[in-house]
Amino acid sequence: MKRKSWTTAVAVLLVSGLTLAGCGSANTNTAATEVSSKNYSAAASGPLTINPNIPDLPVQDIGPNGEKAVSAKELKLAEDELKKIKDGHYTAAIVMHYSGTDYMSAAVGAMKNTFERMGIKVVAVTDAQFKAEKQVNDIETVLAKKPDVMISVPVDAVSTASAYKKAVQQGVKLVFMDGAAQGMKPGKDYISIVSGDNYGNGALAADIMAEKLGGKGKVGVVFHDVNFFVTKNRSDAFEKRMKEKYPDIEIVARGGITDPNKGEEVASAMLTRHPDIQGIFAPWDVPAEGVMAAARTAGRDDLVVTTVDLGTNVAISIASDGIVRGLGAQLPYDQGVAQAILAGYALLGKQAPAYIASPAIKVTKENVLDNWKLIYGQEAPDSVKNALKP
(Lines of atoms letter the chains of each structure in order from A and count residues from 1; the text may use other names and numbers.)
(Lines give C-alpha, C1' and ligand atoms only; values in the text may rest on other atoms or scores of the structure.)
Protein backbone atom coordinates (compact mmCIF):
# COMPACT_ATOMS: atom_id res chain seq x y z
CA MET A 1 0.00 0.00 0.00
CA LYS A 2 1.13 3.53 -0.63
CA ARG A 3 2.40 5.44 2.40
CA LYS A 4 1.21 9.02 2.67
CA SER A 5 3.53 11.55 4.32
CA TRP A 6 2.31 13.47 7.36
CA THR A 7 4.50 16.28 6.05
CA THR A 8 2.20 16.53 3.05
CA ALA A 9 -0.82 16.65 5.31
CA VAL A 10 0.70 19.40 7.42
CA ALA A 11 1.67 21.38 4.34
CA VAL A 12 -1.97 21.30 3.24
CA LEU A 13 -3.00 22.56 6.66
CA LEU A 14 -0.53 25.42 6.53
CA VAL A 15 -1.75 26.76 3.21
CA SER A 16 -5.42 26.50 4.13
CA GLY A 17 -6.86 29.92 4.77
CA LEU A 18 -8.79 28.69 7.77
CA THR A 19 -5.94 26.87 9.49
CA LEU A 20 -4.09 28.57 12.31
CA ALA A 21 -0.90 27.69 14.12
CA GLY A 22 -1.03 25.51 17.21
CA CYS A 23 -0.25 26.78 20.66
CA GLY A 24 2.07 25.91 23.51
CA SER A 25 5.17 23.84 23.07
CA ALA A 26 3.38 21.89 20.39
CA ASN A 27 5.88 22.96 17.75
CA THR A 28 8.44 20.69 19.42
CA ASN A 29 6.21 17.65 18.96
CA THR A 30 6.82 16.83 15.30
CA ALA A 31 7.38 13.10 15.03
CA ALA A 32 3.78 12.19 14.32
CA THR A 33 3.57 14.76 11.53
CA GLU A 34 6.17 12.97 9.42
CA VAL A 35 4.66 9.64 8.36
CA SER A 36 1.07 8.42 8.30
CA SER A 37 -0.16 4.93 8.99
CA LYS A 38 -0.04 2.70 5.92
CA ASN A 39 -3.28 1.02 7.00
CA TYR A 40 -5.64 3.77 5.87
CA SER A 41 -4.09 5.36 2.78
CA ALA A 42 -6.31 6.46 -0.09
CA ALA A 43 -5.02 3.49 -2.09
CA ALA A 44 -6.33 0.92 0.40
CA SER A 45 -9.08 -1.43 -0.70
CA GLY A 46 -11.68 -3.52 1.06
CA PRO A 47 -13.96 -2.50 3.97
CA LEU A 48 -12.92 0.52 5.99
CA THR A 49 -12.23 -0.12 9.69
CA ILE A 50 -9.83 1.01 12.38
CA ASN A 51 -6.69 -1.01 13.10
CA PRO A 52 -7.80 -4.57 13.94
CA ASN A 53 -4.63 -5.10 16.01
CA ILE A 54 -5.77 -2.70 18.73
CA PRO A 55 -6.11 -4.74 21.95
CA ASP A 56 -9.57 -5.64 23.18
CA LEU A 57 -9.32 -3.90 26.53
CA PRO A 58 -12.33 -2.88 28.65
CA VAL A 59 -13.36 0.79 28.41
CA GLN A 60 -14.21 2.55 31.67
CA ASP A 61 -15.39 5.82 30.17
CA ILE A 62 -19.00 6.82 29.70
CA GLY A 63 -20.37 9.55 27.47
CA PRO A 64 -21.39 13.04 28.62
CA ASN A 65 -25.01 11.89 28.97
CA GLY A 66 -24.14 8.60 30.63
CA GLU A 67 -23.90 6.65 27.38
CA LYS A 68 -22.10 3.31 27.53
CA ALA A 69 -19.02 3.32 25.32
CA VAL A 70 -18.95 1.06 22.26
CA SER A 71 -15.58 -0.04 20.89
CA ALA A 72 -14.39 1.79 17.79
CA LYS A 73 -13.45 -1.63 16.41
CA GLU A 74 -17.15 -2.27 15.76
CA LEU A 75 -17.34 0.48 13.12
CA LYS A 76 -17.15 -0.52 9.46
CA LEU A 77 -17.98 0.77 6.01
CA ALA A 78 -18.31 -1.93 3.37
CA GLU A 79 -17.03 -1.44 -0.17
CA ASP A 80 -20.51 -0.84 -1.60
CA GLU A 81 -21.12 1.78 1.11
CA LEU A 82 -17.84 3.50 0.26
CA LYS A 83 -18.88 3.63 -3.39
CA LYS A 84 -22.19 5.29 -2.49
CA ILE A 85 -20.32 7.90 -0.47
CA LYS A 86 -17.85 8.55 -3.30
CA ASP A 87 -20.70 8.95 -5.77
CA GLY A 88 -22.17 11.66 -3.55
CA HIS A 89 -19.18 14.02 -4.00
CA TYR A 90 -19.52 15.25 -0.42
CA THR A 91 -17.45 17.83 1.45
CA ALA A 92 -16.24 17.98 5.05
CA ALA A 93 -14.96 20.51 7.56
CA ILE A 94 -12.71 19.74 10.55
CA VAL A 95 -13.22 22.27 13.37
CA MET A 96 -10.65 21.68 16.10
CA HIS A 97 -10.22 23.07 19.61
CA TYR A 98 -6.47 23.43 19.05
CA SER A 99 -3.72 21.76 17.05
CA GLY A 100 -0.01 21.22 16.61
CA THR A 101 0.71 18.41 19.08
CA ASP A 102 1.59 14.86 18.06
CA TYR A 103 -1.91 13.80 19.11
CA MET A 104 -3.74 16.45 17.11
CA SER A 105 -1.52 16.02 14.03
CA ALA A 106 -2.25 12.29 14.05
CA ALA A 107 -6.00 12.76 14.50
CA VAL A 108 -6.39 15.41 11.79
CA GLY A 109 -4.12 13.50 9.43
CA ALA A 110 -6.22 10.37 9.92
CA MET A 111 -9.42 12.23 9.12
CA LYS A 112 -7.91 13.73 5.98
CA ASN A 113 -6.50 10.40 4.80
CA THR A 114 -9.75 8.57 5.48
CA PHE A 115 -11.90 11.24 3.85
CA GLU A 116 -9.66 11.01 0.79
CA ARG A 117 -10.31 7.29 0.57
CA MET A 118 -14.03 7.97 0.96
CA GLY A 119 -13.96 10.53 -1.86
CA ILE A 120 -14.91 13.35 0.51
CA LYS A 121 -13.23 16.72 -0.05
CA VAL A 122 -12.00 18.55 3.06
CA VAL A 123 -12.88 22.23 2.56
CA ALA A 124 -11.65 23.62 5.89
CA VAL A 125 -9.50 22.77 8.92
CA THR A 126 -9.62 25.26 11.80
CA ASP A 127 -7.83 25.75 15.13
CA ALA A 128 -9.70 27.62 17.88
CA GLN A 129 -6.57 27.92 20.07
CA PHE A 130 -8.72 26.76 23.02
CA LYS A 131 -10.85 29.93 22.77
CA ALA A 132 -14.60 29.42 22.67
CA GLU A 133 -15.33 32.76 21.02
CA LYS A 134 -12.87 31.97 18.24
CA GLN A 135 -14.43 28.56 17.69
CA VAL A 136 -17.84 30.17 17.28
CA ASN A 137 -16.36 32.44 14.60
CA ASP A 138 -14.62 29.46 12.99
CA ILE A 139 -17.91 27.56 12.74
CA GLU A 140 -19.71 30.52 11.21
CA THR A 141 -16.92 30.99 8.66
CA VAL A 142 -16.89 27.28 7.82
CA LEU A 143 -20.66 27.20 7.32
CA ALA A 144 -20.28 29.66 4.46
CA LYS A 145 -18.47 26.84 2.62
CA LYS A 146 -21.58 24.65 3.01
CA PRO A 147 -19.90 21.40 4.10
CA ASP A 148 -21.97 18.25 4.15
CA VAL A 149 -20.31 16.96 7.32
CA MET A 150 -18.37 18.52 10.20
CA ILE A 151 -16.09 16.86 12.75
CA SER A 152 -15.44 19.04 15.76
CA VAL A 153 -14.20 19.25 19.34
CA PRO A 154 -16.19 21.83 21.33
CA VAL A 155 -13.88 24.07 23.35
CA ASP A 156 -16.72 24.83 25.74
CA ALA A 157 -19.93 22.80 25.65
CA VAL A 158 -22.12 25.75 26.66
CA SER A 159 -20.85 28.81 24.81
CA THR A 160 -20.38 27.03 21.47
CA ALA A 161 -23.77 25.28 21.47
CA SER A 162 -25.66 27.93 19.48
CA ALA A 163 -23.08 27.83 16.69
CA TYR A 164 -23.33 24.03 16.39
CA LYS A 165 -27.13 24.25 16.39
CA LYS A 166 -26.86 26.68 13.50
CA ALA A 167 -24.82 24.07 11.63
CA VAL A 168 -27.54 21.46 12.23
CA GLN A 169 -30.20 23.88 10.99
CA GLN A 170 -28.15 24.30 7.83
CA GLY A 171 -28.25 20.54 7.30
CA VAL A 172 -24.65 19.75 8.28
CA LYS A 173 -24.06 16.23 9.65
CA LEU A 174 -22.13 16.54 12.92
CA VAL A 175 -19.65 14.11 14.46
CA PHE A 176 -18.18 15.22 17.75
CA MET A 177 -14.75 14.38 19.07
CA ASP A 178 -14.43 13.99 22.85
CA GLY A 179 -17.65 15.75 23.86
CA ALA A 180 -20.90 17.26 22.54
CA ALA A 181 -22.25 20.77 22.78
CA GLN A 182 -24.83 21.31 25.50
CA GLY A 183 -28.43 20.52 24.66
CA MET A 184 -27.64 18.42 21.60
CA LYS A 185 -28.84 14.84 21.32
CA PRO A 186 -27.19 11.85 19.58
CA GLY A 187 -29.11 10.51 16.62
CA LYS A 188 -31.00 13.79 16.35
CA ASP A 189 -28.55 16.70 16.37
CA TYR A 190 -25.33 14.74 15.84
CA ILE A 191 -24.39 11.23 14.79
CA SER A 192 -22.01 10.23 17.62
CA ILE A 193 -19.06 11.16 19.85
CA VAL A 194 -15.65 9.52 19.45
CA SER A 195 -13.11 9.62 22.26
CA GLY A 196 -10.40 7.71 24.01
CA ASP A 197 -11.04 6.08 27.37
CA ASN A 198 -10.33 9.27 29.30
CA TYR A 199 -11.47 7.86 32.62
CA GLY A 200 -9.34 4.79 32.06
CA ASN A 201 -6.34 6.91 31.13
CA GLY A 202 -6.65 9.02 34.27
CA ALA A 203 -6.85 5.85 36.36
CA LEU A 204 -3.76 4.44 34.61
CA ALA A 205 -1.87 7.65 35.41
CA ALA A 206 -2.78 7.19 39.08
CA ASP A 207 -1.71 3.53 39.06
CA ILE A 208 1.65 4.39 37.53
CA MET A 209 2.28 7.19 40.01
CA ALA A 210 1.36 4.97 42.94
CA GLU A 211 3.73 2.29 41.69
CA LYS A 212 6.62 4.74 41.30
CA LEU A 213 5.98 6.22 44.77
CA GLY A 214 5.76 2.83 46.43
CA GLY A 215 2.13 3.36 47.36
CA LYS A 216 2.62 6.34 49.69
CA GLY A 217 3.42 10.03 49.57
CA LYS A 218 2.04 13.47 48.73
CA VAL A 219 0.99 14.53 45.26
CA GLY A 220 -0.50 17.46 43.41
CA VAL A 221 -2.98 17.70 40.54
CA VAL A 222 -2.85 20.19 37.69
CA PHE A 223 -6.36 20.24 36.24
CA HIS A 224 -7.99 21.85 33.22
CA ASP A 225 -10.21 24.57 34.68
CA VAL A 226 -12.73 24.86 31.84
CA ASN A 227 -15.97 23.13 30.88
CA PHE A 228 -14.21 20.41 28.87
CA PHE A 229 -15.64 16.91 29.31
CA VAL A 230 -12.60 14.75 28.55
CA THR A 231 -9.96 16.49 30.65
CA LYS A 232 -12.35 16.64 33.60
CA ASN A 233 -12.83 12.87 33.26
CA ARG A 234 -9.08 12.33 33.43
CA SER A 235 -8.53 14.39 36.56
CA ASP A 236 -11.64 12.99 38.26
CA ALA A 237 -10.46 9.45 37.51
CA PHE A 238 -6.96 10.16 38.83
CA GLU A 239 -8.31 11.52 42.10
CA LYS A 240 -10.93 8.81 42.53
CA ARG A 241 -8.42 6.02 41.89
CA MET A 242 -6.00 7.53 44.41
CA LYS A 243 -8.71 7.83 47.04
CA GLU A 244 -10.14 4.35 46.55
CA LYS A 245 -7.03 2.29 45.88
CA TYR A 246 -4.10 4.16 47.45
CA PRO A 247 -5.13 5.54 50.88
CA ASP A 248 -1.51 6.28 51.83
CA ILE A 249 -1.15 8.77 48.97
CA GLU A 250 -2.51 12.21 49.82
CA ILE A 251 -3.48 14.85 47.26
CA VAL A 252 -2.25 18.01 48.98
CA ALA A 253 -2.48 20.57 46.17
CA ARG A 254 -4.62 21.35 43.14
CA GLY A 255 -4.00 24.02 40.53
CA GLY A 256 -6.16 24.89 37.52
CA ILE A 257 -5.11 25.99 34.04
CA THR A 258 -7.18 27.48 31.24
CA ASP A 259 -4.18 27.85 28.92
CA PRO A 260 -2.08 24.73 28.09
CA ASN A 261 1.04 26.88 28.41
CA LYS A 262 0.39 27.65 32.09
CA GLY A 263 1.46 24.25 33.38
CA GLU A 264 4.89 25.49 34.39
CA GLU A 265 3.50 28.50 36.25
CA VAL A 266 0.95 26.47 38.20
CA ALA A 267 3.40 23.67 38.99
CA SER A 268 6.05 26.17 40.15
CA ALA A 269 3.62 27.70 42.62
CA MET A 270 2.61 24.23 43.78
CA LEU A 271 6.21 23.18 44.41
CA THR A 272 6.93 26.42 46.27
CA ARG A 273 3.97 26.05 48.60
CA HIS A 274 4.39 22.30 49.06
CA PRO A 275 8.09 21.45 48.77
CA ASP A 276 7.40 17.94 50.09
CA ILE A 277 5.25 17.01 47.08
CA GLN A 278 6.59 13.85 45.44
CA GLY A 279 4.40 13.66 42.34
CA ILE A 280 2.20 15.79 40.06
CA PHE A 281 -0.47 14.72 37.57
CA ALA A 282 -1.16 16.85 34.47
CA PRO A 283 -4.21 16.32 32.23
CA TRP A 284 -2.28 15.94 28.96
CA ASP A 285 1.26 16.08 27.62
CA VAL A 286 1.58 19.80 26.84
CA PRO A 287 0.92 21.03 30.42
CA ALA A 288 2.97 18.05 31.62
CA GLU A 289 5.94 19.54 29.76
CA GLY A 290 5.38 22.70 31.81
CA VAL A 291 5.42 20.64 35.00
CA MET A 292 8.71 19.10 33.85
CA ALA A 293 10.19 22.56 33.34
CA ALA A 294 9.02 23.71 36.78
CA ALA A 295 10.54 20.64 38.41
CA ARG A 296 13.91 21.21 36.74
CA THR A 297 13.93 24.87 37.79
CA ALA A 298 13.18 23.83 41.37
CA GLY A 299 15.93 21.21 41.30
CA ARG A 300 13.32 18.46 41.64
CA ASP A 301 14.53 15.82 39.21
CA ASP A 302 13.15 13.28 41.69
CA LEU A 303 9.56 14.44 41.07
CA VAL A 304 7.26 11.79 39.56
CA VAL A 305 4.97 13.14 36.83
CA THR A 306 2.23 11.18 35.06
CA THR A 307 -0.17 12.39 32.40
CA VAL A 308 -2.32 11.41 29.41
CA ASP A 309 -1.33 11.34 25.69
CA LEU A 310 1.99 10.25 24.27
CA GLY A 311 3.89 13.17 22.73
CA THR A 312 7.55 13.22 21.71
CA ASN A 313 8.89 15.14 24.69
CA VAL A 314 7.12 13.10 27.35
CA ALA A 315 8.10 9.92 25.51
CA ILE A 316 11.77 10.96 25.68
CA SER A 317 11.39 11.59 29.40
CA ILE A 318 9.79 8.19 29.97
CA ALA A 319 12.44 6.41 27.91
CA SER A 320 15.31 8.11 29.76
CA ASP A 321 13.99 7.61 33.33
CA GLY A 322 13.20 11.31 33.44
CA ILE A 323 10.58 13.24 35.36
CA VAL A 324 7.62 11.83 33.42
CA ARG A 325 7.52 8.18 34.47
CA GLY A 326 4.52 6.94 32.52
CA LEU A 327 1.08 7.81 31.18
CA GLY A 328 -2.21 6.63 29.79
CA ALA A 329 -2.50 7.06 26.03
CA GLN A 330 -5.28 7.43 23.54
CA LEU A 331 -5.18 6.18 19.95
CA PRO A 332 -5.47 9.45 18.00
CA TYR A 333 -4.97 8.05 14.51
CA ASP A 334 -7.59 5.35 14.89
CA GLN A 335 -9.96 7.74 16.64
CA GLY A 336 -9.59 10.05 13.63
CA VAL A 337 -10.40 7.17 11.30
CA ALA A 338 -13.45 6.33 13.43
CA GLN A 339 -14.69 9.92 13.21
CA ALA A 340 -14.47 9.89 9.43
CA ILE A 341 -16.25 6.52 9.29
CA LEU A 342 -19.07 7.94 11.41
CA ALA A 343 -19.36 10.86 9.00
CA GLY A 344 -19.96 8.19 6.38
CA TYR A 345 -22.63 6.63 8.60
CA ALA A 346 -24.38 10.00 8.73
CA LEU A 347 -24.27 10.48 4.96
CA LEU A 348 -25.70 6.99 4.43
CA GLY A 349 -28.36 7.36 7.10
CA LYS A 350 -26.81 4.42 8.92
CA GLN A 351 -27.52 4.10 12.64
CA ALA A 352 -24.51 4.64 14.89
CA PRO A 353 -23.80 4.13 18.61
CA ALA A 354 -24.08 7.34 20.62
CA TYR A 355 -20.60 7.08 22.14
CA ILE A 356 -17.52 5.41 20.65
CA ALA A 357 -14.24 4.95 22.52
CA SER A 358 -10.84 3.37 22.05
CA PRO A 359 -9.14 1.64 25.00
CA ALA A 360 -6.64 3.25 27.37
CA ILE A 361 -3.04 2.23 26.65
CA LYS A 362 -0.53 2.07 29.51
CA VAL A 363 2.83 3.54 28.48
CA THR A 364 6.00 3.04 30.57
CA LYS A 365 9.68 2.73 29.79
CA GLU A 366 9.28 -1.01 29.21
CA ASN A 367 6.80 -0.58 26.33
CA VAL A 368 7.21 2.98 25.06
CA LEU A 369 8.60 1.95 21.66
CA ASP A 370 6.00 -0.75 21.01
CA ASN A 371 3.14 1.50 22.08
CA TRP A 372 4.39 4.42 20.00
CA LYS A 373 4.03 2.17 16.97
CA LEU A 374 0.55 1.06 18.04
CA ILE A 375 -0.58 4.64 18.70
CA TYR A 376 0.89 6.35 15.64
CA GLY A 377 1.26 3.49 13.15
CA GLN A 378 5.00 4.04 12.75
CA GLU A 379 8.30 3.50 14.51
CA ALA A 380 9.15 5.86 17.36
CA PRO A 381 11.41 8.76 16.33
CA ASP A 382 15.17 8.44 16.81
CA SER A 383 15.02 10.94 19.68
CA VAL A 384 12.90 8.50 21.68
CA LYS A 385 14.89 5.43 20.62
CA ASN A 386 18.17 7.07 21.56
CA ALA A 387 16.79 8.11 24.95
CA LEU A 388 16.12 4.45 25.71
CA LYS A 389 19.72 3.40 25.10
CA PRO A 390 21.83 2.67 28.22
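Under mature numbering (1 follows the signal peptide of the UniProt record, and there is no 0), the residues of the sequence shown are numbered -21 to -1, 1 to 369, in order. In this text, a Cβ means the ideal position worked out from N, Cα and C, and glycines have one as well. Computed from a predicted model, the values in this text were never measured in an experiment.
Beta bridge counterpart(s) of residue i as assigned by DSSP
i, result
"GLU229", "LYS197"
"SER129", "Ser is not the amino acid found at residue 129; the sequence shown has Met there. MET129 is bridged to ALA72, LEU153."
"residue 372", "An answer regarding residue 372 cannot be provided, because it is not within the stretch -21 to 369 covered by the chain."
"PRO224", "Note on residue identity: the sequence assigns Lys, not Pro, to residue 224. Bridge partners of LYS224: none, in fact."
"HIS203", "ILE236"
"GLY175", "SER337"
"LEU27", "LEU56"
"ILE41", "LYS47"
Length of the line joining the Cα atoms of residue i and residue j
i, j, result
"ASN180", "SER337", "11 Å"
"MET271", "ILE320", "37 Å"
"ASN69", "ALA277", "First, the amino acid is wrong: residue 69 is Tyr here, not Asn. Each residue's alpha carbon lies about 54 Å from the other."
"VAL293", "ASP264", "7 Å"
"ALA273", "MET249", "10 Å"
"ALA160", "MET129", "13 Å"
"ILE295", "GLY328", "44 Å"
"LYS241", "LEU61", "44 Å"
"VAL132", "PHE109", "10 Å"
"ALA85", "GLU190", "30 Å"
"ASN350", "SER247", "31 Å"
"ILE99", "LYS152", "13 Å"
"MET221", "ARG252", "21 Å"
"GLY150", "LYS144", "10 Å"
"GLN148", "ALA298", "49 Å"
"ASP117", "GLY323", "23 Å"
"residue 371", "HIS76", "This structure gives no information on residue 371, because the portion of the chain shown stretches from -21 to 369."
"residue 377", "ALA182", "Missing from the structure shown is residue 377; the chain here goes from -21 to 369 and no further."
"LYS113", "THR93", "27 Å"
"THR291", "GLY315", "19 Å"
"GLY79", "GLN330", "33 Å"
"LEU36", "VAL245", "34 Å"
"GLY234", "LEU192", "21 Å"
"ASP81", "GLY166", "31 Å"
"GLY269", "SER24", "43 Å"
"ALA359", "GLU119", "38 Å"
"LYS219", "LYS47", "19 Å"
"ALA111", "VAL173", "20 Å"
"LYS124", "ARG279", "51 Å"
CB-CB length for residue i against residue j, believed under 8 Å
i, j, result
"ILE73", "MET97", "That belief does not hold up - the Cβ atoms of ILE73 and MET97 are roughly 14 Å apart, past 8 Å."
"GLN257", "GLY301", "Rounded, the Cβ-Cβ distance is 15 Å, inconsistent with contact."
"ILE33", "LEU310", "6 Å"
"GLN318", "MET156", "6 Å"
"VAL87", "VAL102", "At roughly 14 Å, the Cβ-Cβ gap does not stay under 8 Å, so VAL87 and VAL102 are not in contact."
"ALA333", "ASP176", "Not really, about 16 Å apart at Cβ, beyond 8 Å."
"VAL209", "GLY158", "6 Å"
"ALA71", "ASP127", "7 Å"
"ILE29", "LEU54", "7 Å"
"LYS364", "LEU348", "7 Å"
"LEU306", "VAL342", "5 Å"
"ILE335", "VAL49", "6 Å"
Beta-carbon proximity of residue i to residue j, cut-off 8 Å
i, j, result
"VAL200", "MET188", "no"
"PHE217", "ALA267", "no"
"residue 375", "ALA308", "Nothing can be reported for residue 375, as the shown portion of the chain is limited to -21 through 369."
"ILE170", "ALA51", "no"
"VAL284", "ARG213", "no"
"ILE230", "HIS203", "no"
"TYR178", "GLN39", "yes"
"THR140", "GLY162", "For the record, residue 140 in the displayed sequence is Ala; it is not Thr. Yes, they are a contact pair."
"TYR312", "ALA89", "yes"
"PRO31", "GLU58", "no"
"GLY194", "ASP238", "no"
Boundaries (first-last residue) of the alpha helix (DSSP H) holding residue i
i, result
"ILE354", "347 to 355"
"LYS65", "58 to 67"
"GLN314", "311 to 327"
"GLU112", "111 to 122"
"GLY242", "242 to 252"
"VAL137", "Note, VAL137: premise wrong, no alpha helix (DSSP H); not H, not E."
"ASN92", "81 to 97"
"ASN365", "361 to 367"
"VAL265", "264 to 276"
"ALA294", "291 to 298"
Extent of the continuous beta strand (DSSP E) to which residue i belongs
i, result
"ILE340", "340 to 342"
"SER337", "334 to 337"
"ILE259", "258 to 260"
"LYS100", "100 to 106"
"ALA308", "303 to 308"
"THR285", "283 to 287"
Contact test: residue i Cβ vs the ligand NAP heavy atom, cutoff 7 Å
i, result
"ALA86", "Absence of the ligand NAP from the depicted structure is noted, as is the absence of any ligand whatsoever, leaving it without description."
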